[in-house]
Structure formats: C-alpha cells, structure tokens
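Novice: In my numbering, the protein residues as written are 948 to 1127.
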Amino acid sequence: MIALRAALFGLVGLAFGSFLTVVTHRVPRGESIVAPRSRCPSCGAQLRNIDNIPLLSWLLLRGRCRACGARISPVYPLTELLTGGLFVGAALEFDSIWAAAMIAPFLGLMVALSIIDLRHRIIPNRIVYPSLAAFGAYIGMVALAGGGLDAARAGIGMLAYGGSLLLVAIVAPAGMGMGD
C-alpha cells in the first residue's frame, strides 16, 4: 500500500512540477499562469498535448522543440523530477495521506521559488503571499484536527520568523525585498 501511495504521489508530483515550469517561466515576466497554453520559449509554437507529458515528452523529443528544433532547457524535466521526488518523500514521511497531500504542494512551491530566485534574483510576492495565507490555513486545520502543541509551535515559529524578516525589511529596506 505504501508503494502505491508513493507511486501516485510521484505521478501527481510530476504533473505539479510540469505546472511549476510554467510558473517559473511566466511569473517573473508578469504573464498569466493559466493562459495561453504552454509554448516553446524559442519560437512560441503552442505545445501539443502529447508534448506536455511530464518528463516523458522531454525525453521522447530529446530535449528539443517539435516545431523549431530549439534546445529545451533540462531545467524543465529536472523541475518535474525534483517535484515528483518531493511528493514521494511527503508520501513516505507522513503516516496520514491528508498530511502528505497538504504539505506536498508547499514543497513544490519551494522548488519554484528557488528556481525563480536563482534565475532572476527575486522571490515574487505573487507566489509568497498566497502561500503564506494557505500555510496559515494549513496550520489552523492541523490545530483543529487535534495537532495541538505542534501546530501552535508551528504558528508561533511562522510569526516569529516572518516578523523578524518584516522588521529587517522595515529597518533596512535596501537589504531585503518583501519576498525574502
């Protein structure tokens, strides 16, 4: 049963990682993450459904665009693979499938934020603020579900860490962006 859970989480993680490649490419440019459909970064050709299968399409196309033959960065399949691996890790780490399902997307977002930060040296508020709100809701749900002291500690830690970063941003505005 554990192997089945890990396999399912891995497949969902690959799909989520594929979506994150869109996020890492479009968010820094201020583009929509839902429309238009995925396209080649070189020629702009819209990808066919068959060319959008996580990891597999990149391998079958040998890392090249079907339309123009341009090289597609290995960062795309690596993002999918890393996210899939983190989803598997969550599935194996948490006894509760619900806890694993709740934390796995946050792990994926860390991958996206890391890639954007490495490429553009920014951490977009467009991702950070909704993530903070969602994580706060997650902590609240853990507390309501009987997570008790651990949830309270997580909430206190989140407030203390976030508050200290906010203080640094206010005192020395050039030292940090609001995404940090």
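Glycine residues also receive a C-beta, built at the ideal position from the N, C-alpha and C atoms.
Which residue wins for smallest C-alpha separation from GLN993, given the options ALA982, LEU1002 and LEU1079?
Specialist: By one-based count along the sequence shown, residue 993 stands at place 46. The option with the nearest alpha carbon to GLN993 is ALA982.
Novice: Could you tell me which residues DSSP pairs with ARG986 in its beta bridges?
Specialist: Walking along the sequence shown from the start, residue 986 turns up at place 39. DSSP, once it has assigned bridges, lists GLN993 as partnering ARG986.
Novice: Taking contact to mean 3 or more Cβ pairs, one atom from each stretch, closer than 8 Å, check whether the stretch 963-975 and the stretch 1012-1028 are in contact.
Specialist: The answer is yes - the stretch 1012-1028 touches the stretch 963-975, with three or more Cβ pairs under 8 Å.
Novice: For ARG952, does the three-state DSSP call read helix, strand or coil?
Specialist: Here the question's residue 952 lines up with position 5 in the sequence shown. Here ARG952 sits in helix by DSSP.
Novice: Three-state secondary structure (DSSP) at ARG1068?
Specialist: Against the sequence shown, residue 1068 aligns to sequence position 121. The answer is coil: DSSP assigns ARG1068 none of H, G, I, E or B.
Novice: For ALA1037 and PHE956, which I take to be in contact (beta-carbon distance under 8 Å), what is that distance rounded to the nearest angstrom?
Specialist: Here residue 1037 corresponds to residue number 90 of the sequence shown, with the count starting at 1. Here residue 956 corresponds to residue number 9 of the sequence shown, with the count starting at 1. So it is a contact: roughly 7 Å between Cβ atoms.
Novice: Would you mind stating whether VAL969 and SER985 have Cβ atoms separated by less than 8 Å?
Specialist: One-based indexing of the sequence shown puts residue 969 at position 22. One-based indexing of the sequence shown puts residue 985 at position 38. In contact: VAL969 and SER985 (Cβ atoms closer than 8 Å).
Novice: Can you grab the Cα-Cα spacing for the pair LEU1114 / ALA1107, in whole Å?
Specialist: For the purposes of this step, residue 1114 is identified with residue 167 of the sequence shown, where counting begins at 1. For the purposes of this step, residue 1107 is identified with residue 160 of the sequence shown, where counting begins at 1. Near 10 Å, if we compare the C-alpha coordinates of ALA1107 and LEU1114.
Novice: Any idea what DSSP makes of ALA1100, helix, strand or coil?
Specialist: The residue you call residue 1100 lines up with position 153 of the sequence shown. The question names Ala, but residue 1100 in the sequence shown is Arg. Three-state result, ARG1100: helix.
Novice: Decide yes or no for the touch test of the stretch 1053-1062 against the stretch 1070-1082: beta carbon pairs closer than 8 Å, at least 3 of them.
Specialist: Touching, per the Cβ criterion.
Novice: To the nearest angstrom, report how far apart ALA954 and ILE1069 are at their CA atoms.
Specialist: As a working mapping, residue 954 is identified with position 7 in the sequence shown. As a working mapping, residue 1069 is identified with position 122 in the sequence shown. Going from the Cα of ALA954 to the Cα of ILE1069 covers about 33 Å.
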